[in-house]
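Each residue of the sequence shown is one higher than the one before, starting from 1 at the first, in full-length UniProt numbering. Below you'll find the structure, written out as structure tokens, and then a few comments.
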Amino acid sequence: MQKKPLNKQEISPELKTWLYASGSLTQQLTDLAGGQFKVQLIREKFQRLNLIDAVWMKAPHHHTSWVRESYLYGSGAEPWVKAKSIFPIQSLYKRARIFKHIGRKPIGWFLFQRTTPDCERRVLLLDDGWTRQSCYTWHGCKFIVQETFLPAFERYLQDH
């Protein structure tokens, strides 16, 4: 996926709020959609960490990671967000192992339950749209959650 340089002037004010918001995106989308929220799993797989993500998480790039990709839906038939979570294999032997078995449940329900994890964030423009990448430290485990806001979400923000 092509990364494009960040130009904050190109981000709509409505979307900028979402890109830089803290807390659970799951809860925020559920609130926006009047209680509606759904996760559609795209795929789960093991793959090697790429160098950029490995450096960000301070993990060896030759290590395997578990990757989960999904669509997040609010109200409507089109997905609002394309999500990708990257868990280095060493995290799966610790408390983060629960994320490997959550199926269609949102990561946010577990991540923000009775805790506020440390978070480093970066915002990128990828081929699919404006994306926020968050590197979380949760109970000593580091992992990345990437959320790309899709055109259907931007249309919803403009219409409401």
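Where is the CB? At the ideal position from N, CA and C, for every residue including glycine.
Whole angstroms are fine: how far does the CA of residue j sit from the CA of residue i?
i	j	result
E120	W80	23 Å
W56	L15	25 Å
T137	L157	30 Å
Q133	D159	26 Å
I42	H63	23 Å
P5	L19	At P5, the pLDDT of 49 sits below 50, so the modelled position is not reliable; the number obtained from the coordinates is stated separately. The straight-line gap from Cα to Cα measures roughly 15 Å.
C141	F153	30 Å
T17	F149	12 Å
L92	L124	27 Å
A21	E147	12 Å
K38	K58	32 Å
L51	H61	5 Å
P151	W130	9 Å
E44	S70	9 Å
K100	P13	35 Å
F87	C135	10 Å
K82	G35	19 Å
With 8 Å set as the bound, which would you pick, yes or no: does the beta-carbon of residue i sit closer than that to a beta-carbon of chain B?
i	result
F110	Structure shown: chain B not included; a single protein chain is present.
Judging by CA-CA distance, which residue of the options is the nearest neighbour of residue i?
i	options	result
Q90	D128, R43, D159 and H139	H139
G103	H61, G23 and Q40	Q40
K84	Q28, P13, T116 and F143	F143
T30	C135, G108, R48 and I11	G108
L32	S75, D127 and P117	S75
Q28	P117, R122, R155 and F112	F112
The beta strand (DSSP E) that contains residue i, what's its start and end?
i	result
R121	D118 to L126
E154	Element bounds for E154: not the beta strand (DSSP E) but the alpha helix (DSSP H), P151 to D159.
T115	First-last for T115: undefined, no H or E at that position.
K82	V81 to P88
S134	G129 to W138
Ordered list of alpha helix (DSSP H) runs contained in the region 19-79, each at least 4 residues: 25-32 and 51-57
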